[in-house]
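Participant: Under my numbering, the very last position in the sequence shown is 405; numbers go up by exactly one each time.
Before we start, here is the structure in question, set down as structure tokens.
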Amino acid sequence: MARQESRRLAPDGRLRTLAPDTARLGRAVTAVVAELGRRIHRYAWPATAGRRNRGYLRDRLVALPLLVLVAFGALGWTYAGVRGDSAYIRERAAPALVDLADARASLLIAQGEAERNLAEGRAAELSGLSDRYRTRIARATQSLNQVTRSGALTVAEEQELRVVSALVVDYTGWIGRAQGDATDPVLRDAELTYARSMLCSQAVAASRKNPYPACPAATGYGATAIVDRVTGLENQLRERLAERAAWGAGAITAAVVAALAFALLAAGLWRTVSFLRRRFRIRLSVPLAAAALPLLTVPFLTADALLALHAQHGTVRIADTLAERTSPATETVAEERPFAGPDPRAIETLQARIDDGLADGRLAFLDGIAPFVFPMGLTAAALIAGTLHAYRREYLVVTRPGAAA
Numbered sequence: 001m002a003r004q005e006s007r008r009l010a011p012d013g014r015l016r017t018l019a020p021d022t023a024r025l026g027r028a029v030t031a032v033v034a035e036l037g038r039r040i041h042r043y044a045w046p047a048t049a050g051r052r053n054r055g056y057l058r059d060r061l062v063a064l065p066l067l068v069l070v071a072f073g074a075l076g077w078t079y080a081g082v083r084g085d086s087a088y089i090r091e092r093a094a095p096a097l098v099d100l101a102d103a104r105a106s107l108l109i110a111q112g113e114a115e116r117n118l119a120e121g122r123a124a125e126l127s128g129l130s131d132r133y134r135t136r137i138a139r140a141t142q143s144l145n146q147v148t149r150s151g152a153l154t155v156a157e158e159q160e161l162r163v164v165s166a167l168v169v170d171y172t173g174w175i176g177r178a179q180g181d182a183t184d185p186v187l188r189d190a191e192l193t194y195a196r197s198m199l200c201s202q203a204v205a206a207s208r209k210n211p212y213p214a215c216p217a218a219t220g221y222g223a224t225a226i227v228d229r230v231t232g233l234e235n236q237l238r239e240r241l242a243e244r245a246a247w248g249a250g251a252i253t254a255a256v257v258a259a260l261a262f263a264l265l266a267a268g269l270w271r272t273v274s275f276l277r278r279r280f281r282i283r284l285s286v287p288l289a290a291a292a293l294p295l296l297t298v299p300f301l302t303a304d305a306l307l308a309l310h311a312q313h314g315t316v317r318i319a320d321t322l323a324e325r326t327s328p329a330t331e332t333v334a335e336e337r338p339f340a341g342p343d344p345r346a347i348e349t350l351q352a353r354i355d356d357g358l359a360d361g362r363l364a365f366l367d368g369i370a371p372f373v374f375p376m377g378l379t380a381a382a383l384i385a386g387t388l389h390a391y392r393r394e395y396l397v398v399t400r401p402g403a404a405a
């Protein structure tokens with residue numbers, strides 16, 4: 001028996017073979033989508049002409065409560081997420097970023113102040129370091145402790161922050177040793193150099209114009225200095241803040257679903273009320289009017305969510321400025337000239353901008369309402385279902401032969 005060998009189809013042949021299958025698949029998908037759209041249209045927008053009362057009310061009994069649940073469920077989930085992100089940024093992330101920036105600047109100012117004081121030799125040994133040095137060290141320690149208590153860090157980041165706090169204690173110890181050896185230039189400079197290496201991986205020499213220079217942060221395995229670790233924590237926290245402030249795919253989908261469901265719900269309620277007025281001579285259905293009252297909160301909830309999103313995006317930009325544009329020199333000038341006006345790059349000014357932006361980014365009278373959005377929709381759905389079921393049972397009675405049910 002002769003063996004028949006199959007030949008491979010050429011690329012053009014494979015395309016010609018796949019074309020009918022693709023066309024059939026496209027027609028099948030189109031038919032399914034059309035049927036689904038027809039069924040959705042039937043329940044969401046049924047025609048009143050030629051419809052029996054019983055059939056129309058049955059469709060309304062299914063469609064309206066379902067639309068209410070979908071609309072308020074999607075809105076409640078999205079609104080709670082936006083409000084939760086704003087609360088996280090306002091109460092945790094933003095204060096932690098401010099404290100990290102303040103700790104970083106305070107340590108660099110303290111380093112510059114220590115170098116200036118120790119350069120005086122015996123005077124530094126007798127009188128000690130300046131009040132600014134002690135104040136800035138205490139301020140940096142307090143800021144790091146506040147970050148630990150903020151709840152904005154992960155477990156790994158909290159462990160990293162504990163390492164930073166321990167390094168700060170060790171750093172102040174080396175500064176104290178340098179102060180004790182202030183009259184021995186060789187030993188003093190060696191101890192001061194080691195303390196500087198603990199603070200910065202790439203130290204920058206101070207100058208007359210800039211006595212408190214900032215040091216660039218290292219990355220990778222060499223990022224072991226205090227400023228490197230603090231900067232790394234700032235970057236991780238900023239990334240998390242940006243993620244919380246950004247619109248995710250789930251939030252966008254839920255917002256679109258809620259908008260469509262509310263539009264269909266409002267139209268469906270209006271058409272149902274009109275149907276009851278024409279067919280059943282009910283001028284105003286009080287239960288349906290009460291069930292429609294939660295719809296009045298939708299514009300306020302939407303405006304509140306948009307304000308919160310705008311404030312969150314503004315906070316992301318300010319957080320970038322807080323981490324990249326602040327410097328020890330700016331903080332020193334702001335400290336020495338408190339009445340010269342707020343410096344736009346000072347940490348205190350940026351903190352005030354964050355607080356004001358987040359405070360303005362919400363409608364205060366809606367605080368605490370997020371958990372009640374879906375229960376409010378659930379109540380409205382139950383009220384609509386009970387009302388339409390009562391109307392349907394009342395008008396199922398056939399009063400005379402041939403009457404429409």
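Beta carbons: idealized from backbone N, C-alpha and C, even for Gly.
Please state if the CB of residue 265 and the CB of residue 89 are separated by a distance shorter than 8 Å.
Facilitator: Counting from 1 along the sequence shown, the entry for residue 89 is found at position 89. Counting from 1 along the sequence shown, the entry for residue 265 is found at position 265. Against a cut-off of 8 Å, the Cβ pair of residue 265 and residue 89 comes out as no contact.
Participant: Flag this pair as yes or no: are the beta carbons of residue 374 and residue 73 separated by less than 8 Å?
Facilitator: For this step, residue 374 is matched to residue 374 along the sequence shown. For this step, residue 73 is matched to residue 73 along the sequence shown. Yes, Cβ-Cβ distance for residue 374 and residue 73 is below 8 Å.
Participant: Can you tell me whether DSSP reads residue 185 as helix, strand or coil?
Facilitator: Taking the first residue of the sequence shown as 1, we reach residue 185 at position 185. Looking at residue 185 - three-state DSSP - the assignment turns out to be helix.
Participant: What first and last residue would you give for the alpha helix (DSSP H) that runs through residue 59?
Facilitator: Here the question's residue 59 lines up with position 59 in the sequence shown. Note, residue 59: alpha helix (DSSP H), 53–88.
Participant: So residue 80 and residue 370 are in contact, right, with Cβ under 8 Å, and what is the actual spacing, rounded?
Facilitator: Translated into positions along the sequence shown, residue 80 becomes position 80. Translated into positions along the sequence shown, residue 370 becomes position 370. Their Cβ separation, rounded to whole angstroms, is 4 Å, which keeps residue 80 and residue 370 in contact under 8 Å.
Participant: Check whether the region 89–101 touches the region 267–287, taking contact to mean three or more Cβ pairs, one atom from each stretch, closer than 8 Å.
Facilitator: Because the criterion of three Cβ pairs below 8 Å is not met, the region 89–101 and the region 267–287 do not touch.
Participant: Do you know how far the Cα of residue 308 is from the Cα of residue 413?
Facilitator: In this structure the chain extends from 1 to 405, so residue 413 is not present and cannot be described.
Participant: Within its chain, find whatever has a CB closer than 6 Å to the CB of residue 400; leave out the 5 residues flanking it on each side and keep chain order.
Facilitator: The count along the sequence shown starts at 1 and reaches residue 400 at position 400. Caution applies to residue 400, whose pLDDT of 41 falls short of 50 and renders its modelled position unreliable; the value that the coordinates give is listed next. Closer than 6 Å at Cβ, skipping near neighbours: no residue.
Participant: Could you check the C-alpha separation between residue 224 and residue 156 for me, to the nearest Å?
Facilitator: What you label residue 224 is simply residue 224 of the sequence shown in a count that begins at 1. What you label residue 156 is simply residue 156 of the sequence shown in a count that begins at 1. Spanning the two alpha carbons is a distance of roughly 16 Å.
Participant: Is the number of C-beta pairs between the region 308–320 and the region 243–251 that are closer than 8 Å three or more?
Facilitator: Yes, since at least three Cβ pairs between the region 308–320 and the region 243–251 fall closer than 8 Å, the two stretches touch.
Participant: Please name the residue in 302, 294, 107, 238 whose C-alpha comes closest to that of residue 259.
Facilitator: In the sequence shown, counting from the first residue as 1, residue 259 sits at position 259. Per the Cα distances, 302.
Participant: Can you tell me which of the three DSSP states residue 342 falls into?
Facilitator: Within the sequence shown, numbered from 1, the residue matching residue 342 stands at position 342. Three-state result, residue 342: coil.
Participant: Taking only runs that begin and end inside the region 223–270, name each unbroken alpha helix (DSSP H) of 4 or more residues, in chain order.
Facilitator: Within the region 223–270, the complete alpha helix (DSSP H) runs of at least 4 residues are 226–245.
Participant: Sorted by chain position, which residues of the same chain lie with C-beta nearer than 6 Å to residue 191's C-beta, five sequence neighbours on each side aside?
Facilitator: As a position in the sequence shown, residue 191 is number 191, starting the count at 1. Only 174, 177, 178 meet the Cβ criterion.
Participant: Going by beta-carbon coordinates alone, are residue 323 and residue 234 separated by less than 8 Å?
Facilitator: Looking up residue 323 in the sequence shown gives position 323. Looking up residue 234 in the sequence shown gives position 234. Yes.
Participant: Just to confirm my understanding: we take residue 294, look at its own chain, exclude 5 residues before and 5 after, and list those with CB closer than 6 Å. What are they?
Facilitator: Sequence index remark: in the sequence shown, residue 294 carries index 294 (1-based). Correct list, in chain order: 376, 380.
Participant: Decide if residue 221 is buried, meaning its Cβ has at least 16 other Cβ atoms within 10 Å, or exposed.
Facilitator: By one-based count along the sequence shown, residue 221 stands at place 221. When all chains shown are included, residue 221 counts as exposed.
Participant: Excluding the five sequence neighbours on either side, which residues of its own chain have a C-beta within less than 7 Å of the C-beta of residue 349, listed in chain order?
Facilitator: Numbered from its first residue, the sequence shown carries residue 349 at position 349. Closer than 7 Å at Cβ, skipping near neighbours: 342, 343.
Participant: Compare the Cα-Cα distances from residue 118 to each of 141, 82, 386, 187 and report the closest residue.
Facilitator: Here residue 118 corresponds to residue number 118 of the sequence shown, with the count starting at 1. Ranking the options by Cα distance to residue 118, first place goes to 187.
Participant: Taking 8 Å as the threshold (C-beta atoms), are residue 347 and residue 102 in contact?
Facilitator: Stepping through the sequence shown from its first residue, residue 102 is reached at position 102. Stepping through the sequence shown from its first residue, residue 347 is reached at position 347. It is a contact, given that the beta carbons lie within the stated cut-off.
Participant: Which of the three DSSP states, helix, strand or coil, is assigned to residue 337?
Facilitator: Along the sequence shown, read from residue 1 onward, the residue named residue 337 stands at position 337. Looking at residue 337 - three-state DSSP - the assignment turns out to be coil, as it is neither helix nor strand.
Participant: Go to residue 221, then tell me how far its alpha helix (DSSP H) extends in each direction, as first and last residue.
Facilitator: As a first step, residue 221 must be located in the sequence shown, where it is residue number 221. Segment: none, residue 221 is in no alpha helix (DSSP H) and carries neither H nor E.
Participant: Would you kindly report the start and end of the unbroken alpha helix (DSSP H) that includes residue 324?
Facilitator: One-based indexing of the sequence shown puts residue 324 at position 324. Element bounds for residue 324: 298–324.
Participant: Contact criterion: CB-CB distance below 8 Å. Does residue 374 meet it with respect to chain C?
Facilitator: The displayed structure is made up of one protein chain only, and chain C is not part of it.
Participant: Quick one: residues in its chain with C-beta nearer than 6 Å to the C-beta of residue 77, no 5 flanking neighbours on either side, listed in chain order?
Facilitator: In the sequence shown, residue 77 corresponds to position 77, counting from 1. Cβ within range, chain order: 254.
Participant: Is any non-hydrogen atom of the ligand ATP found closer than 7 Å to the C-beta of residue 229, if you look at the structure I gave you?
Facilitator: Absence of the ligand ATP from the depicted structure is noted, as is the absence of any ligand whatsoever, leaving it without description.
Participant: Return helix, strand or coil for residue 202, following the three-state DSSP convention.
Facilitator: Counting from 1 along the sequence shown, the entry for residue 202 is found at position 202. Coil at residue 202, not helix or strand.
Participant: Count the other C-beta atoms from every protein chain shown that fall within 10 angstroms of the C-beta of residue 212, then say buried if there are 16 or more, exposed otherwise.
Facilitator: Counting from one through the sequence shown, the residue named residue 212 turns up at place 212. Flag for residue 212 reads buried.
Participant: Helix or strand or just coil, what does DSSP make of residue 367?
Facilitator: Within the sequence shown, numbered from 1, the residue matching residue 367 stands at position 367. Three-state DSSP puts residue 367 in coil, outside helix and strand.
Participant: Here's the rule I'm using: 16 or more other beta-carbon atoms within 10 Å means buried, otherwise exposed. How should residue 65 be labelled?
Facilitator: In the sequence shown, residue 65 corresponds to position 65, counting from 1. Classification for residue 65: buried.
Participant: May I ask you to report which of helix, strand or coil DSSP gives residue 136?
Facilitator: Counting from one through the sequence shown, the residue named residue 136 turns up at place 136. Of the three classes helix, strand and coil, the one that applies to residue 136 here is helix, per DSSP.
Participant: Look up residue 329 in the DSSP assignment and say whether it is helix, strand or coil.
Facilitator: Your numbering for residue 329 matches position 329 in the sequence shown. The answer is helix: DSSP assigns residue 329 an H, G or I state.
Participant: Going by the CB atoms, is the gap between residue 107 and residue 140 shorter than 8 Å?
Facilitator: Locating residue 140 in the sequence shown gives position 140, counting from the first residue. Locating residue 107 in the sequence shown gives position 107, counting from the first residue. Yes, the pair counts as a contact, with Cβ atoms nearer than the cut-off.
Participant: Can you round the beta-carbon distance between residue 228 and residue 214 to whole angstroms, since I take them to be within the 8 Å contact cut?
Facilitator: Your numbering for residue 228 matches position 228 in the sequence shown. Your numbering for residue 214 matches position 214 in the sequence shown. Incorrect: roughly 13 Å between the Cβ atoms, too far for contact.
Participant: Between which two residues does the alpha helix (DSSP H) carrying residue 180 extend?
Facilitator: Within the sequence shown, numbered from 1, the residue matching residue 180 stands at position 180. It spans 155–180 - the alpha helix (DSSP H) in which residue 180 sits, taken as one unbroken run.
Participant: Starting from the Cα of residue 153, find the closest Cα among 232, 300, 352, 357 and give me that residue.
Facilitator: Locating residue 153 in the sequence shown gives position 153, where the first residue counts as 1. Closest option to residue 153, Cα to Cα, is 232.
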